[in-house]
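Residue numbers (the numbering used here): 58 to 724.
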């Protein structure tokens, strides 16, 4: 069954006075029409096009375009309303004041809106029209290249470069609206979440997607790249031209925003989805309606304000700041690349040099003829492994030997796991030298975490540094988090813990497992785990026990699990948790473990993470062709060995982590 694409395109340059003239709107509409003709030729749609330009674009003509043209669309069809012109604001009638906290309604300024007897097309009227079109459930996209953040004062750039009209302060009669006041109450709800709709438009009824040129306090530029065009429309069409027809709305806006930011840093396009909460409309293909597979990535572009290359992810997106020679690396791909897991399609590498709030500066390598107009997709391939900060404290003889051992701990060079921290408040652990003993303790607690080492000798100093490196590897795994570009989300995989009598244990405040008194003695608590894949893709996972004595063991499953989508839960064997006997003797009755779940889209080698409890020697584990060398396997290997080899990955997989603290209690 062929699909129809009903398009209503409105562009206005020549406004009657007193509205200022624009210059790029007709070019915008011509570019959109050209794109639609190419799109239908490729995808086989039947294009039903209606254009209104300049004096044709009266208020009534736009209303008729909705009611007589767009309302013909049926369930399998697509609707596009594209407006390029002035936006504005108008005084809200008293009857609607409860819907507008600022007493101003957002509007589109039609050709005749500011003439005698003319009115803007108010947001409530646009919402009413969208609701009419939505009755037959077509796929609806609304694109507005305008702005309405006027203060009522005249902007010196207004006549040539900004798409914003003045506020209409006339008192508007109720009978000038296209609906009756009682109808409004049934289709309009005040915005309960203003932060969700940051364009300023709030069109709550009729399932649709809105693409707006800017936020409510910004201006939509009417000039870009020395061309009289709407800046938003120009970047939108450039993005579509360079990426084909299979971009999702979310990807389209993101790449458009990135391109626009390379020209202006004060115009941020917005995407707003009006549908039920369980819909995934922003991940539908642009002007299609089909849900596309999500691929998480960052955009790399040149930022004029920073005067540097950046990714559109910063501290708020989970990008860790560079620390002590360690930073984040990303593989770069062409902006139209569809497969971001194939290293052969990568065109370069980006190294994070500075992390800002919502952006990160990067240094690009491996690319020739790099121009500032280019854009790239990027996925994280390597996360920083910062060294563990240790504060050296106490008797000088012990401290001096420990410093000497630290400087030659790695093949005659300084340790790659541990750094001396000069301020106690910044340290994670403290090496306390007291009474001719080395003690590893917390910063504000003198209780030793592992067995003390007697006597200050260079051999013992080297031994305590090795212990600290062991703890550093354990600590790195504890802190291991999902990479910011992972497509595996919370809820895709579920880990549950069950007691001996098969009751699920709540993980909200950690889990407490207690010894039970049976037949005249205390018995270790028995439990088991289950793992469930709730996603639509095959996932690989394993659970690690990070013990209180700094061991790391994949103790729950014999091998990494391969779990098909939406399959039955996978249960571990029944296990006992206990407090080590050397700890029970001095009266320690609580012992903490961390159960860490690691999930990947590719198989991985759990043995790369394992290490014994302290004081047991550990030989470097090596693997040969058992597993593909993906980013997760290489990360695991770096946790233990910190090799910085040049071997390239065979794939860039997604991965995800979560963990729960388990306390074992002996009465």
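Where is the CB? At the ideal position from N, CA and C, for every residue including glycine.
If you're wondering where the values come from, they're calculated on a predicted model, not measured in any experiment.
- Message: Whether or not the segment 487 to 502 and the segment 446 to 455 are in contact is what I'm after, with contact meaning three or more pairs of Cβ atoms, one per stretch, closer than 8 Å; do they touch?
- Response: yes
- Query: How about the segment 122 to 134 and the segment 185 to 204: do they share at least three Cβ pairs that are nearer than 8 Å?
  - Reply: yes
- Item | Contact check, residue 353 vs residue 544, beta carbons under 8 Å | Reading the chain shown from its first residue, position 296 is the one you call residue 353. Reading the chain shown from its first residue, position 487 is the one you call residue 544. Closer than 8 Å, so yes.
- Task: With DSSP collapsed to three states, give me the class of residue 352.
- Result: For the purposes of this step, residue 352 is taken as the residue at position 295 of the chain shown. Coil at residue 352, not helix or strand.
- Task: Whole angstroms is fine: what's the gap from residue 114's alpha carbon to residue 377's?
- Result: For this step, residue 114 is matched to residue 57 along the chain shown. For this step, residue 377 is matched to residue 320 along the chain shown. Each residue's alpha carbon lies about 51 Å from the other.
- Message: Let me make sure I understand the geometry here. Which of 321, 319, 329, 284 has the alpha-carbon closest to that of residue 306?
- Response: Position 249 of the chain shown, counting from 1, holds the residue named residue 306. When each option's Cα is compared against that of residue 306, the closest is 329.
- Once you ignore the five residues that flank residue 110 on each side, which residues in its own chain have a CB closer than 7 Å to its CB? One-based indexing of the chain shown puts residue 110 at position 53. Result list for residue 110: 68, 83, 86, in chain order.
- Grab me the residues of residue 154's own chain with a C-beta within less than 7 Å of its C-beta, minus the 5 sequence neighbours each way, in chain order. Within the chain shown, residue 154 is the residue found at index 97, counting from 1. Here the set comprises 160.
- Decide yes or no for the touch test of the segment 578 to 591 against the segment 617 to 632: beta carbon pairs closer than 8 Å, at least 3 of them. yes
- Query: Pick from 293, 181, 414: whose alpha carbon is nearest that of residue 375?
  - Reply: Translated into the one-based positions of the chain shown, residue 375 becomes position 318. Ranking 293, 181, 414 by Cα distance to residue 375 puts 414 first.
- Task: Report the residue ranges of all alpha helix (DSSP H) runs contained in full by the segment 422 to 473; include only those spanning at least 4 residues, in chain order.
- Result: 453 to 464
- Query: If you draw a straight line from the alpha carbon of residue 525 to that of residue 509, how long is it in whole angstroms?
  - Reply: Locating residue 525 in the chain shown gives position 468, where the first residue counts as 1. Locating residue 509 in the chain shown gives position 452, where the first residue counts as 1. Their Cα atoms are separated by approximately 13 Å.
- Message: On the CB-based measure, 16 or more other CB atoms within 10 Å of its CB, does residue 604 come out buried or exposed?
- Response: Residue 604 sits at position 547 when you count from the first residue of the chain shown. Per the 10 Å Cβ criterion, buried.
- Message: Give me the residue from 635, 619, 599 with the minimum Cα distance to residue 610.
- Response: Counting from one through the chain shown, the residue named residue 610 turns up at place 553. Considering only alpha carbons, the answer is 599.
- Which term fits residue 454, buried or exposed, when burial requires 16 or more other beta carbons within 10 angstroms of its beta carbon? As a working mapping, residue 454 is identified with position 397 in the chain shown. The residue is exposed, with fewer than 16 neighbouring Cβ atoms inside 10 Å.
- Message: For the segment 59 to 66 against the segment 136 to 145, do three or more pairs of beta-carbon atoms, one drawn from each stretch, fall closer than 8 Å, so that the two count as touching?
- Response: yes
- Task: Could you tell me which of 468, 578, 612, 670 sits nearest to residue 606, measuring between CA atoms?
- Result: Reading the chain shown from its first residue, position 549 is the one you call residue 606. Nearest C-alpha to residue 606: 670.
- Task: Give the single residue among 574, 517, 660, 648 whose Cα lies nearest to the Cα of residue 616.
- Result: Along the chain shown, read from residue 1 onward, the residue named residue 616 stands at position 559. If we check each option's Cα against that of residue 616, 660 comes out closest.
- Query: What is the DSSP secondary structure of residue 160, reduced to helix, strand or coil?
  - Reply: As a working note, residue 160 is residue 103 in the chain shown. It is coil, neither helix nor strand.
- Query: Expressed to the nearest angstrom, what Euclidean distance is found between the alpha-carbon atoms of residue 722 and residue 198?
  - Reply: Position 665 of the chain shown, counting from 1, holds the residue named residue 722. Position 141 of the chain shown, counting from 1, holds the residue named residue 198. The straight-line gap from Cα to Cα measures roughly 59 Å.
- Beta-carbon gap between residue 368 and residue 397 smaller than 8 Å: What you label residue 368 is simply residue 311 of the chain shown in a count that begins at 1. What you label residue 397 is simply residue 340 of the chain shown in a count that begins at 1. No, the pair does not count as a contact, with Cβ atoms beyond the cut-off.
- Which residues in the same chain have their Cβ closer than 7 Å to the Cβ of residue 726, if we skip the five residues on either side of it in sequence? Since the first residue shown for the chain is 58 and the last is 724, residue 726 is missing from the structure and cannot be characterised.
- Which of the three DSSP states, helix, strand or coil, is assigned to residue 702? What you label residue 702 is simply residue 645 of the chain shown in a count that begins at 1. Only weak support exists for where residue 702 lies, its pLDDT of 41 falling under 50; the value from the coordinates is given anyway. Here residue 702 sits in coil by DSSP.
- Using alpha carbons as the reference points, say which of 341, 366, 409 lies closest to residue 372. Counting from 1 along the chain shown, the entry for residue 372 is found at position 315. Among 341, 366, 409, the Cα nearest to that of residue 372 belongs to 409.
- Message: If distances are taken between C-alpha atoms only, which option among 573, 564, 513 comes closest to residue 634?
- Response: The residue you call residue 634 lines up with position 577 of the chain shown. Comparing Cα positions, the closest option is 573.
- Task: Could you tell me which of 90, 74, 581 sits nearest to residue 172, measuring between CA atoms?
- Result: Your numbering for residue 172 matches position 115 in the chain shown. Ranking the options by Cα distance to residue 172, first place goes to 74.
- Task: Taking only the alpha-carbon atoms, compute the straight-line gap between residue 562 and residue 441 and give it to the nearest angstrom.
- Result: Walking along the chain shown from the start, residue 562 turns up at place 505. Walking along the chain shown from the start, residue 441 turns up at place 384. Residue 562 and residue 441: Cα-Cα distance of roughly 34 Å.
- Can you list, in chain order, the stretches of the alpha helix (DSSP H) that have 4 or more residues and sit fully within the segment 278 to 322? 288 to 300, 306 to 318
- Run the CB neighbour count on residue 226, radius 10 Å, all protein chains shown included, and call it buried at 16 or more, exposed below. The residue you call residue 226 lines up with position 169 of the chain shown. By the neighbour-count rule (16 or more Cβ atoms within 10 Å), residue 226 is not buried but exposed.
- Task: Measure the alpha-carbon distance for residue 531 versus residue 537 and round it to whole angstroms.
- Result: Sequence index remark: in the chain shown, residue 531 carries index 474 (1-based). Sequence index remark: in the chain shown, residue 537 carries index 480 (1-based). Residue 531 and residue 537: Cα-Cα distance of roughly 10 Å.
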